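Working notes, structure below.
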Amino acid sequence: MASDLSCDDAKNLLKILHEENWIPWIPAEQFVELSQHQDKAKLNQLEIFKELPRIGFPKSPIDLHQDRKYGMVIDVQLAEILELCNNPSLNFEEVVEKVKRIARGGYGSGKDSLEDFLKAFPSKEEFFAKFSQFHHVYNNEIVNLIYQLCKLISKLSGEVKLNELNEEDVRTKYEAFIDERLCRLYSNPQRNIIMNIIMGQYWPIMWRIISSGLGINSIIDECLFNGWLDGHEKLLQVSPGTLSEKLHGRKNEIPSWVITKALYNRMANSGKSPKGGDLVDIKFASMGLYLDAVELDKRTYEFLRQVSKEDKRIERAFNHCFKKENLRTTIDKLLEIGDR
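By numbering that gives the first Met the number 0, the letter at position 153 of the sequence shown is numbered 152, and the numbering carries on one by one without gaps.
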């Protein structure tokens, strides 16, 4: 937002947030990310939040943890899933309407909310340790690794028929890729956790899909969907594959999944694999269905613009998103959206 709270743009933003009834929405994972950031501009965002009479955040749709006041984006996604599990006849738009109470349900003053949160979770490690049993903190990486498996299968299917693929050969190639990636990005304990989830829990499901006789596009769709559900199954404490069975034939009515799948597919078609920042912004893109304004990085915004032309439901989210540029642009966009 701002590197200097005394600059005119920062003062104007605070004025807009006070006087135009804008309520910043910040889920728990952003609280901890900002509080541990080394960038002064990011730390100053927390100072802006402290000045605000109210901030918003998602609520949890379930009561697995009584102390948990601050929701995460995955809570909104889970609420969508639970609505469809409980009422399979709902369509995309009906799910959005029912989940708004979760997505926009938490409020508190900026100062009190931030101080309460930082008191409970003074470090990233404590935050992840506290929440790991409910929210799988590596879910973005899980989805990305399954996306890479889909790319591998797509490549191999050009060399040999899908029904002739050898499981051991594919598994060996895939494990080598995972190991190389994780060694670059994570410490040894984290690598072991992610490897065990992918190869211990999800590989049997993935291989069953690969060898099912489906076409390559359906295989990619099913594999990605099962990977995306990983964090939600962790949250509900159910075994892998449970939710995909319950949601059979209904996944295209899950708002967050529709947008996630469209963005992954568009990135794949462009030849650009999702990067670290993309994984976060892909998750936030669907929040345009619930919030008045969502700021996205340039790359994700452009992909969302492209896919919104092909699906009116996605266009609804895109119309509430804007491209991250600078503080002046943020102010202009808020004023523009507020006048609609």
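Ideal Cβ placement from N, Cα and C applies to all residues, glycine included.
Everything numeric in this text was worked out from a predicted model, so none of it was measured.
Query: So what's isoleucine 22 in DSSP terms, helix, strand or just coil?; Result: coil
Query: Name the DSSP bridge partner or partners of valine 46?; Result: The residue asked about is misnamed: residue 46 is glutamate in this sequence, not valine. Partner(s): none; glutamate 46 has no beta bridge.
Query: Check each candidate in Gln76, Trp21, Lys332, Asp296 and name the one with the smallest Cα separation from proline 52.; Result: Trp21
Query: Once DSSP output is grouped into helix, strand and coil, what is the label at tyrosine 289?; Result: coil
Query: Let's see if you can read the secondary structure: which residues bound the beta strand (DSSP E) around lysine 322?; Result: 320-322
Query: Considering only residues of the same chain and omitting the five flanking positions on each side of leucine 342, which have a CB-CB separation below 7 Å?; Result: As displayed, the chain neither begins before 0 nor continues past 339, which places residue 342 out of reach and without an answer.
Query: Pick out the complete alpha helix (DSSP H) segments inside the region 79-111, 4 residues or longer, and give them in chain order.; Result: 91-102
Query: On a Cα-Cα basis, can you pick out the residue from Arg183, Leu228, Gly214 that is closest to asparagine 139?; Result: Leu228
Query: Look up isoleucine 54 in the DSSP assignment and give the residues it is bridged to.; Result: Gly107
Query: Would you tell me roughly how many angstroms separate the C-alpha atoms of isoleucine 141 and isoleucine 196, rounded to the nearest one?; Result: 8 Å
Query: Any chance the region 167-186 sits against the region 225-241, with 3 or more Cβ pairs inside 8 Å?; Result: no
Query: Assuming proline 254 and serine 285 are in contact, meaning their beta carbons sit under 8 Å apart, how far apart are those beta carbons, in whole angstroms?; Result: 6 Å
Query: To which residues of the same chain is histidine 319 closer than 8 Å at the C-beta, ignoring the five residues directly before and after it?; Result: Gly287, Leu288, Leu290, Asp291, Ala292, Val293, Ile336
Query: For serine 112, count neighbouring C-beta atoms within 10 Å of its own C-beta (all shown protein chains included) and say buried if the count is 16 or more, exposed if not.; Result: buried
Query: Throw me the rounded Cβ distance for the proline 57 and glycine 105 pair, which I believe falls under 8 Å.; Result: 6 Å
Query: Distance check for isoleucine 258 and aspartate 220, CA to CA, integer angstroms please.; Result: 13 Å
Query: Tell me whether the beta-carbon of leucine 223 lies closer than 8 Å to the beta-carbon of lysine 260.; Result: yes
Query: Between the C-alpha atoms of isoleucine 49 and glutamine 29, what's the straight-line distance to the nearest angstrom?; Result: Here residue 49 turns out to be lysine, not isoleucine, going by the sequence shown. For lysine 49 and glutamine 29, the distance between alpha carbons rounds to 14 Å.
Query: Is it buried or exposed for cysteine 357, if we count other Cβ within 10 angstroms and need 16 for buried?; Result: Here the chain covers residues 0 to 339 and nothing more, so residue 357 does not appear.
Query: Is isoleucine 47 near leucine 13, with beta carbons less than 8 Å apart?; Result: yes
Query: On the three-state DSSP scale, how would you describe glutamate 294?; Result: strand
Query: What three-state label does DSSP hand glutamine 236 in the structure shown?; Result: coil
Query: Under a three-way DSSP split, which group does cysteine 149 fall into?; Result: helix
Query: Rounded to the nearest angstrom, what separates methionine 198 and leucine 295 at their Cα positions?; Result: 32 Å
Query: Quick check on isoleucine 54 - is its C-beta less than 8 Å from some C-beta in chain D?; Result: Here there is only one protein chain, and chain D is not present.
Query: What is the rounded straight-line gap between the Cα of serine 88 and the Cα of leucine 246?; Result: 11 Å
Query: Suppose you measure from the CA of valine 279 to the CA of arginine 298; what does that come to, to the nearest Å?; Result: 12 Å
Query: Could you tell me how far apart the beta carbons of tyrosine 263 and tyrosine 146 are, in whole angstroms, since I believe they sit closer than 8 Å?; Result: 6 Å
Query: Under three-state DSSP, which class holds aspartate 310?; Result: coil
Query: What distance in whole Å lies between the Cβ atoms of phenylalanine 317 and arginine 304, which are believed to be in contact at a cut-off of 8 Å?; Result: 6 Å
Query: May I ask which residues mark the beginning and end of the alpha helix (DSSP H) holding tyrosine 263?; Result: 254-269
Query: Compare the Cα-Cα distances from serine 269 to each of Glu244, Gly109, Pro188, Lys150 and report the closest residue.; Result: Lys150
Query: Can you tell me whether asparagine 251 is helix, strand or coil according to DSSP?; Result: helix
Query: Figure out for me which residue from Asn225, Tyr69, Leu334 has the closest Cα to the Cα of aspartate 115.; Result: Tyr69
Query: Could you give the distance in angstroms between the alpha-carbon of aspartate 338 and the alpha-carbon of glutamate 314?; Result: 19 Å
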